[in-house]
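**Student:** Sharing a structure here in structure tokens format.
Numbering (the working numbering), first residue to last: 31 to 316.
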């Protein structure tokens, strides 16, 4: 699947500023491509950026990962979890530090961090534990096009964004396309592509709100991509119930049947998962 860019979007992309990957990520990526990557070089590169290092440690010690013993250094994280598990987390937290805006993005990032943490738990609950780190990265990157849109369209986009607390995102996506000739999911997919995220993550971001059809028809997405999209959908629903209940329920209803069929689970299982997510993220003091 290739991202389809319209002529209007091509013109827009010539003006839009997409943040480059930070040096830490470039160093880690370069080492990762070697036949025998040196984990000490990777750990040192991550540790050299205090902001990224602190954020990575916060993630690996969070409720989502439910570790019995706290990890207290990047070197320990890389050795304990393995580079392949740490790298997606590094990419995710690096993005957060790179996306700047004149607008207060605290609530935006809090929501996406909750969704990302939920993605880890949902991955395990639906029998896809091997996807949890990519699911975390997807959860944090899913709306990365929003700061890009804010940067480009300023107050006009901010007003549209305010509606998302009460209006389903598929409806807002239609308004984005009409007003700005592009959508935040397209911008997010292009950002993810430029940051060299796994192709599967780029695809899921691009198709994020085409979900009502991709699960129930012969989809352009692979089974693995549908796994990630389904994990993200359950995770968003769990968080939406605490943050934007009515709009979130509308979004879930549009895709529920396809997600349940894909994972071969029922509504009771989803309720169990949501209860677990709420208990870990909202109802327990950590």
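Ideal Cβ positions, reconstructed from N, Cα and C, are used throughout, including at glycine.
(1) Hey, could you find the ends of the alpha helix (DSSP H) residue 142 is sitting in?
(2) Nearest CA to the CA of residue 283: which residue from 85, 55, 239?
(3) Who are the near neighbours of residue 274 in its chain, counting only those whose CB is closer than 6 Å to its CB and skipping five residues on each side?
(4) Measuring alpha carbon to alpha carbon, tell me which residue in 110, 197, 52 is nearest residue 129.
(5) Which residue comes first and which comes last in the alpha helix (DSSP H) that contains residue 68?
(6) Using 8 Å for Cβ pairs, my map puts residue 227 next to residue 161. What's the rounded Cβ distance?
(7) On the three-pair Cβ rule with 8 Å, is the region 217–236 touching the region 164–174?
(8) At what residues does the alpha helix (DSSP H) containing residue 178 begin and finish?
(9) Closer than 8 Å is the cut-off here; do at least three beta carbon pairs connect the region 145–153 with the region 92–111?
(10) Among residues of its own chain, excluding the 5 on either side of residue 63, which ones have a beta-carbon nearer than 8 Å to its beta-carbon?
(11) For residue 70, which residues in the same chain have their Cβ closer than 8 Å to its Cβ, ignoring the five residues on either side in sequence?
(12) Can you list, in chain order, the residues of its chain with a C-beta nearer than 6 Å to that of residue 118? Leave out the 5 residues immediately preceding and following it.
(13) Which residues in the same chain have their Cβ closer than 6 Å to the Cβ of residue 145, if we skip the five residues on either side of it in sequence?
(14) Got a sec? Which residues, its chain only, sit under 6 Å from residue 75 by beta carbon, not counting five neighbours each side?
(15) What separation, rounded to the nearest whole angstrom, lies between the Cα atoms of residue 109 and residue 216?
(16) Alpha carbon to alpha carbon, how far is residue 191 from residue 73?
(17) Which value, in whole angstroms, describes the spacing of the CA atoms of residue 256 and residue 157?
(18) Once you ignore the five residues that flank residue 306 on each side, which residues in its own chain have a CB closer than 8 Å to its CB?
(19) Nearest by alpha-carbon distance to residue 218: which of 38, 37, 47 is it?
(20) Under 7 Å Cβ to Cβ from residue 68, same chain only, skipping five residues before and after it: list those, please.
(21) Name the residue from 114, 234, 36, 210 whose alpha carbon lies nearest to the alpha carbon of residue 185.
(22) Just to confirm, are residue 101 and residue 90 a CB contact at a threshold of 9 Å?
(23) Within 10 Å of its beta-carbon, does residue 179 have 16 or more other beta-carbons around it, so buried, or fewer, so exposed?
(24) Assign residue 293 to one of two classes, buried (16 or more other C-beta atoms within 10 Å of its C-beta) or exposed (fewer than that).
(25) Which same chain residues, not among the five before or five after residue 34, have their C-beta less than 6 Å away from its C-beta?
(26) Rounded to the nearest angstrom, what separates residue 120 and residue 113 at their Cα positions?
(27) Excluding the 5 residues flanking residue 182 on each side, which residues of the same chain have their C-beta closer than 6 Å to its C-beta?
(28) Does residue 46 come out as helix, strand or coil in the three-state DSSP assignment?
(29) Note down the Cα distance separating residue 313 from residue 232, rounded to an integer number of angstroms.
**Tutor:** Taking the geometry as given:
(1) Here residue 142 refers to the residue found at position 112 of the chain shown. Element bounds for residue 142: 136–155.
(2) By one-based count along the chain shown, residue 283 stands at place 253. Ranking 85, 55, 239 by Cα distance to residue 283 puts 239 first.
(3) The residue labelled residue 274 in the question sits at position 244 within the chain shown. If we look at residue 274 and ignore the five residues flanking it on each side, its Cβ neighbours are 195.
(4) Reading the chain shown from its first residue, position 99 is the one you call residue 129. Nearest option by C-alpha distance: 52.
(5) Position 38 of the chain shown, counting from 1, holds the residue named residue 68. Residue 68 -> no alpha helix (DSSP H), and no H or E assigned at all.
(6) Translated into positions along the chain shown, residue 227 becomes position 197. Translated into positions along the chain shown, residue 161 becomes position 131. With a Cβ gap of about 14 Å, residue 227 and residue 161 do not count as contacting.
(7) yes
(8) In the chain shown, residue 178 corresponds to position 148, counting from 1. Run containing residue 178: 175–192, per the alpha helix (DSSP H) assignment.
(9) yes
(10) Indexing the chain shown from 1 puts residue 63 at position 33. Cβ within range, chain order: n/a, list empty.
(11) Within the chain shown, numbered from 1, the residue matching residue 70 stands at position 40. Taken in chain order, the residues that qualify are 105.
(12) Looking up residue 118 in the chain shown gives position 88. Hits under 6 Å: 163, 164, 167.
(13) Here residue 145 refers to the residue found at position 115 of the chain shown. Once the five neighbours on either side are set aside, the close Cβ partners of residue 145 are 169, 265, 266, 269.
(14) For the purposes of this step, residue 75 is taken as the residue at position 45 of the chain shown. Answer for residue 75: 54, 57, 58, listed in chain order.
(15) Taking the first residue of the chain shown as 1, we reach residue 109 at position 79. Taking the first residue of the chain shown as 1, we reach residue 216 at position 186. Roughly 36 Å between the two C-alpha positions.
(16) As a working mapping, residue 191 is identified with position 161 in the chain shown. As a working mapping, residue 73 is identified with position 43 in the chain shown. So the two alpha carbons sit approximately 38 Å from each other.
(17) Here residue 256 corresponds to residue number 226 of the chain shown, with the count starting at 1. Here residue 157 corresponds to residue number 127 of the chain shown, with the count starting at 1. For residue 256 and residue 157, the distance between alpha carbons rounds to 14 Å.
(18) In the chain shown, counting from the first residue as 1, residue 306 sits at position 276. Around residue 306: 151, 155.
(19) The sequence position of residue 218 within the chain shown is 188, counting from 1. The candidate whose alpha carbon is nearest that of residue 218 is 47.
(20) Taking the chain shown and counting its residues from 1, one reaches residue 68 at position 38. Closer than 7 Å at Cβ, skipping near neighbours: 61.
(21) Taking the chain shown and counting its residues from 1, one reaches residue 185 at position 155. Ranking the options by Cα distance to residue 185, first place goes to 210.
(22) For this step, residue 101 is matched to residue 71 along the chain shown. For this step, residue 90 is matched to residue 60 along the chain shown. Yes. Within cutoff.
(23) If you number the chain shown from 1, residue 179 lands on position 149. By the 10 Å Cβ count, residue 179 comes out buried.
(24) Counting from one through the chain shown, the residue named residue 293 turns up at place 263. Per the 10 Å Cβ criterion, buried.
(25) Here residue 34 corresponds to residue number 4 of the chain shown, with the count starting at 1. Cβ neighbours of residue 34 beyond the five flanking positions: none.
(26) To locate residue 120, count along the chain shown from 1; it is residue 90. To locate residue 113, count along the chain shown from 1; it is residue 83. Roughly 10 Å separates the two Cα atoms.
(27) To locate residue 182, count along the chain shown from 1; it is residue 152. Closer than 6 Å at the Cβ level, and outside the excluded window around residue 182, lie 46.
(28) Position 16 of the chain shown, counting from 1, holds the residue named residue 46. Looking at residue 46 - three-state DSSP - the assignment turns out to be coil, as it is neither helix nor strand.
(29) Numbered from 1 along the chain shown, position 283 holds the residue referred to as residue 313. Numbered from 1 along the chain shown, position 202 holds the residue referred to as residue 232. One C-alpha to the other measures close to 33 Å.
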